[in-house]
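Following UniProt numbering, the numbering of the sequence shown begins with 1 at its first residue and continues without gaps. For each residue, glycine too, the CB sits at the ideal point set by N, CA and C.
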Amino acid sequence: MRTELVSEPGLADHPNEDFASVGLPASGQGGSLVVLDGVTPPRTASGCLHSVPWFTARLGGALTELTVSLPDLPLAEALSRAIARTSAAHAETCDLSHPRTPQATVVLARWSPASVEYLVLSDSALLVEAPDGTVSAVLDDRLARLPRAALASEALVDANLRNREGGFFTAAADPAVAARAVTGVLPRDGVRTLAALTDGAARWVEKFGEGDWAQCLALVRKQGARGLVDRVRELERVDAAGDRTFLGRGKTHDDATVVYAQL
């Protein structure tokens, strides 16, 4: 198999809030990938003493360990346990009930000789290529389906939509959110390639409309994960005024992560 991982901060002087890993068990009988996109904190208080990178490093580390060491544990349960473990690490010092307690989007995939499991929570993407070249995008599109007016301010989102019914869900402090994720299992012989993208990399499709998901995966295969991120950066510089800003995302540059796995 072949794997490739690229993760780049949106700004050189700002910490990367994404997390990415690929785990390959010593048995050689499969593997897993983990991609998290940390939610940039508000300018106001978040109720937490810790940074988003602190949170994503701990949640991502727990997910990497659990998906590899417990191959029979369903991915939703792995996410639930990882959130509980991370929450316990700062429950005594921080207000985990605050709507902007550190949080992240999640993409998980795990493969064995028999199957490929997946989990997606919030607006990162998992691309799955079949042996015949057909590409399917596994998406949690709850955020994309919300009306623009509902996303007019952080206060409105936090009060009415963030981790609430009728809104959208992220991995924050409540392990029960794992049950909200999009999950599934595919036969191993039905999957040739996987690619996980945070929304900073998925801008190539979702914001700039440079192609569809199949063309996006073809770009990664031909030019590498770095090629996709570099192309997104070029498009961001051209569109610095934000003329094509999608669903209220006002950042000129966002953290961008791509994990590619050719099984």
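How would you label residue i, buried or exposed, when you count the other beta carbons within 10 angstroms and need 16 or more for buried?
| i | result |
| --- | --- |
| ARG203 | buried |
| SER80 | buried |
| ALA155 | exposed |
| THR245 | In this prediction, THR245 scores a pLDDT of 45, lower than 50, which makes its location untrustworthy; no coordinate-derived value is stated. |
| ASN163 | buried |
| GLN215 | exposed |
| VAL116 | buried |
| LYS222 | exposed |
| ARG148 | exposed |
| ARG145 | exposed |
| LEU139 | buried |
| SER122 | buried |
Give the DSSP-derived three-state secondary structure of residue i in the structure shown.
| i | result |
| --- | --- |
| ASP18 | strand |
| PHE168 | strand |
| LEU156 | helix |
| ALA62 | helix |
| SER115 | strand |
| LEU151 | helix |
| ALA137 | strand |
If I follow the unbroken alpha helix (DSSP H) through residue i, where does it start and stop?
| i | result |
| --- | --- |
| ARG237 | 213–238 |
| GLU206 | 199–206 |
Can you check which of these residues, the options, is closest to residue i by C-alpha distance?
| i | options | result |
| --- | --- | --- |
| ARG110 | SER51, SER21 and ASN16 | SER21 |
| HIS253 | ALA159, ARG221 and ALA240 | ALA240 |
| ALA78 | ALA171, GLU8, MET1 and VAL138 | ALA171 |
| ALA89 | ARG43, LEU36, HIS50 and VAL68 | HIS50 |
| GLU4 | ASP230, LEU194, ARG231 and GLN103 | LEU194 |
| HIS98 | ALA159, ARG2 and LEU186 | ALA159 |
| ALA45 | GLY31, ALA76 and CYS94 | CYS94 |
| TRP262 | GLY10, PRO15, ARG142 and ALA130 | Here the sequence assigns Gln to residue 262, which means Trp is not the residue at that position. The residue with the shortest Cα to Cα distance from GLN262 is ALA130. |
| VAL34 | HIS14, ALA104, LYS251 and PRO9 | ALA104 |
| LEU151 | PHE208, GLY166 and LEU139 | GLY166 |
Hey, could you find the ends of the beta strand (DSSP E) residue i is sitting in?
| i | result |
| --- | --- |
| ARG2 | 2–8 |
| ARG110 | 104–111 |
| ASP37 | 31–38 |
| LEU79 | Segment 75–88 is the alpha helix (DSSP H) holding LEU79; no beta strand (DSSP E) there. |
| GLY184 | 182–187 |
| VAL259 | 256–262 |
| VAL191 | Unbroken run through VAL191: none, as it is neither H nor E. |
| VAL128 | 125–129 |
| VAL177 | First-last for VAL177: undefined, no H or E at that position. |
Using a Cβ-Cβ cutoff of less than 7 Å, which residues in the same chain neighbour residue i once the five nearest sequence positions on both sides are dropped?
| i | result |
| --- | --- |
| TRP213 | LEU127, VAL135, ALA137 and VAL205 |
| LEU11 | HIS253 |
| ARG188 | TRP111, SER112, PRO113, ALA114, SER115 and VAL116 |
Determine whether the Cβ of residue i lies closer than 8 Å to any Cβ atom of chain C.
| i | result |
| --- | --- |
| LEU151 | Here there is only one protein chain, and chain C is not present. |
Got a sec? Which residues, its chain only, sit under 6 Å from residue i by beta carbon, not counting five neighbours each side?
| i | result |
| --- | --- |
| ASP18 | SER7, ASP37, THR198, ASP255 and THR257 |
| ALA173 | SER87, LEU96 and THR101 |
| PRO175 | SER80, ILE83 and ALA84 |
| CYS48 | CYS94, THR101 and PRO102 |
Which same chain residues end up closer than 8 Å to residue i when comparing Cβ atoms and leaving out the 5 residues on each side of it in sequence?
| i | result |
| --- | --- |
| ALA62 | ARG81, ALA82, ARG85 and THR86 |
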